[in-house]
Amino acid sequence: MLNLYDTATAQIRPLKQRVPGELSIYLCGPTVYGPPHIGHGRATLVYDILRRYLEWTGVAVRLVSNITDIDDKIIDRATRESRPWLDIAQKCEHVWFESMARLGVKRPTDVPRATEYVDQIVGLIADLVAKEAAYRTDDGIYMNTSVVADYGLLAHQKIDDMLAGGGDRNVFGADQKKHPADFVLWKFSKPGEPSWPSPWGEGRPGWHSECVVMSLELLGEGFDLHCGGADLRFPHHENERAQAVALGKDFAHHWMHNGFVVDTEGEKMSKSLGNVTNLPDLLDRYDARAYRMLLLQTHYRSPVKVGLDNIDASVNALAGIDSFAARTSSLTATPDVATLDAFRAAMNDDLNTPVAMGVLFDAVRRANVAVDAGDTQSAASVSSAVREMCIAIGLQLDVAKAVDADAQTLATALDKARAAKDFATADALRAELQALGYFVETTKAGTTLRRA
RNA sequence: GGCGACGUGGCCGACUGGCUUAGGCACGGGCCUGCAAAGCCCUUUAACCGAGUUCGAUUCUCGGCGUCGCCUCCA
């Protein structure tokens with residue numbers, strides 16, 4: 003059983019399944035108005051790891067993650083660039099999933115778009131209006147947060163305290179709001195803006211309504227887990243919840259939030275990487291698995307620095323695992339039970355991936371020792387356990403890359419030269435293979451090649 | 001101003017009131033190797049400051065200093 007920190011209760015507690023053996027998750031997805039940045043990468047990787055781990059333990063996961071394809075930012079960009087807003091949304095969505103695929107993030111089971119749920123959103127707002135939990139102003143329909151007794155639950159703060167401090171901030175929308183915390187459900191559109199019909203006039207849905215509608219629509223009431231970045235905790239998730247509560251609906255039973263990617267010591271990272279916050283840039287320069295590894299070695303609730311040093315460390319750590327995988331790929335056996343138990347214990351403890359990685363690296367070392375000692379049996383069971391763990395965390399081991407025939411010929415010649423103690427030729431052949439992009443290991447058993 | 005995190009060895013980063021240690025990366029030494037590579041072994045060295053609780057605190061409490069997040073754009 004996975005124990006997971008729950009933001010609502012501020013404690014680690016079991017992640018309960020509404021239907022045993024199944025887990026329903028809603029993850030707030032991107033607003034598609036630009037390329038994803040490394041923060042998006044972190045969030046999706048964290049939940050990808052959660053999902054894969056659950057699936058690995060035999061749980062059927064339904065993961066709904068929306069696309070916010072209508073939003074002020076999209077409209078602003080469309081206006082700025084004189085392009086159709088839909089064109090921007092679609093292209094950005096394409097880039098999003100392309101980046102996710104490169105990261106090895108599995109596509110969610112459901113990807114609803116806000117624009118596909120406008121009717122249902124209007125219906126939800128109408129229900130709120132009918133219950134007098136929403137009211138009209140000159141620029142839209144607003145949620146009356148005062149009807150929600152425990153508003154502030156996720157923020158862990160009383161609403162009046164929150165307001166007390168924000169003095170120098172502009173309160174959006176409106177002197178017409180009944181309370182500064184009230185938020186917009188439906189925005190009346192200005193001429194030329196995308197719009198949909200509603201009982202109150204042409205307009206578009208506010209950000210906070212779409213996720214309530216889509217989560218309840220696809221997962222139903224009382225779904226298991228709602229997750230997203232820590233910044234979504236308030237106001238977005240608070241506001242989603244407020245709407246559900248106002249309508250008397252059973253909303254998410256568990257709330258999970260991941261920590262941020264934080265600034266590095268500036269210059270190193272930015273000079274070497276250009277725009278470091280851009281995910282495609284990062285993926286162009288580094289093995290995508292390195293980012294996953296870096297995150298695995300940090301707890302999901304802690305902030306993580308993504309800098310050159312960190313990523314290099316992960317790249318190097320990965321290289322060790324890859325060469326391990328290459329030398330043990332032919333060994334199969336029942337995975338070592340104690341190792342997997344230790345792994346599960348760490349993962350079940352609020353997804354403690356840093357400790358789980360400790361288990362993994364330790365297993366790699368033990369298997370390497372066993373290989374060196376010629377203890378094939380232990381090597382096989384421990385390395386099988388390593389492969390299992392890698393499946394559970396979504397880490398693809400780099401063993402499958404084909405060695406082409408020419409390289410194989412060179413390797414054979416290299417073995418021959420070494421057998422004849424013609425080391426000058428052997429060294430030349432090795433250099434040639436390395437130039438072709440191979441890691442070359444010359445052992446007593448012969449030469450092994452691995453693509454760099 | 002409110003709320004909340006955090007401050008661990010060269011870097012990153014876990015656990016933990018004492019027991020032998022996280023783990024990764026980097027540095028150094030060694031074994032292995034024709035030489036490399038890979039692998040293994042060893043080494044180095046810790047808990048911001050102060051007070052308190054305790055037989056004993058990096059771990060609990062309080063205070064200080066510092067960093068960061070949220071307080072209606074935001075993964």
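Just so you know, we're using this note's numbering here: the first sequence kicks off at 3 and counts up by one.
Glycine included, C-beta positions come from ideal geometry on N, C-alpha and C.
- Straight-line measurement puts the Cα of Pro110 at about 10 angstroms from the Cα of Gly31.
- For Ser200 and Asp129, the gap between their C-alpha atoms comes out near 13 angstroms.
- Within the segment 116–175, the complete alpha helix (DSSP H) runs of at least 4 residues fall at 120–132, 161–167.
- Nearest neighbour of Gly125 by Cα position, chosen from Ala421, Leu333, Met216, turns out to be Met216.
- The C-alpha of Asn68 is placed about 14 angstroms away from the C-alpha of Tyr49.
- Residue Ala409 holds the alpha-carbon nearest to the alpha-carbon of Gly439 among Asp429, Ala409, Lys423.
- Closest option to Val34, judged by alpha-carbon separation, among Gly360, Lys75, Gly208: Lys75.
- Taking C-beta atoms as the reference points, Glu212 and Ala116 count as a pair closer than 8 angstroms.
- By the Cβ neighbour-count rule, Val371 is exposed, with fewer than 16 other Cβ atoms within 10 Å of its own.
- If you draw a straight line from the Cα of Ala394 to the Cα of Ile143, it comes to about 45 angstroms.
- According to DSSP, residue pairing for Lys307 in a beta bridge involves Val264.
- Per the coordinates, the alpha-carbon of Leu220 lies some 18 angstroms from the alpha-carbon of Ile127.
- For Lys189, the enclosing beta strand (DSSP E) has its first and last residue at 186–190.
- Assignment of Val247 by DSSP, reduced to helix, strand and coil, places it in the helix class.
- Judged by beta-carbon spacing, Asp324 lies beyond the 8 angstroms limit of Val384, meaning their Cβ atoms are not closer than that value.
- For the 8 angstroms CB-CB criterion, Pro37 and Leu362 do not form a contact.
- Annotation: Glu118 to Arg432 spans about 58 angstroms, alpha carbon to alpha carbon.
- Every alpha helix (DSSP H) of 4 residues or more that sits fully in the segment 29–62 is shown, in chain order, as 40–58.
- In terms of Cβ geometry, Lys307 and Val264 form a close pair [threshold 8 angstroms].
- Cβ-Cβ separation between Ile27 and Arg64: approximately 7 angstroms, consistent with a contact (criterion under 8 angstroms).
- When the five nearest sequence neighbours on each side are left out, the beta carbons in the same chain lying within less than 6 angstroms of the beta carbon of Ala381 are those of Leu333, Ala369, Ala372, Val373, in order along the chain.
- For Phe441, the uninterrupted beta strand (DSSP E) run begins and ends at 440–445, by DSSP.
- If you look at Gln13, you'll find it in the beta strand (DSSP E) that goes 13–16.
- Here the alpha carbons of Lys18 and Phe225 stand approximately 10 angstroms from one another.
- With respect to the 8 angstroms criterion, Ile123 and Glu195 are not classified as neighbours on the basis of their beta carbons.
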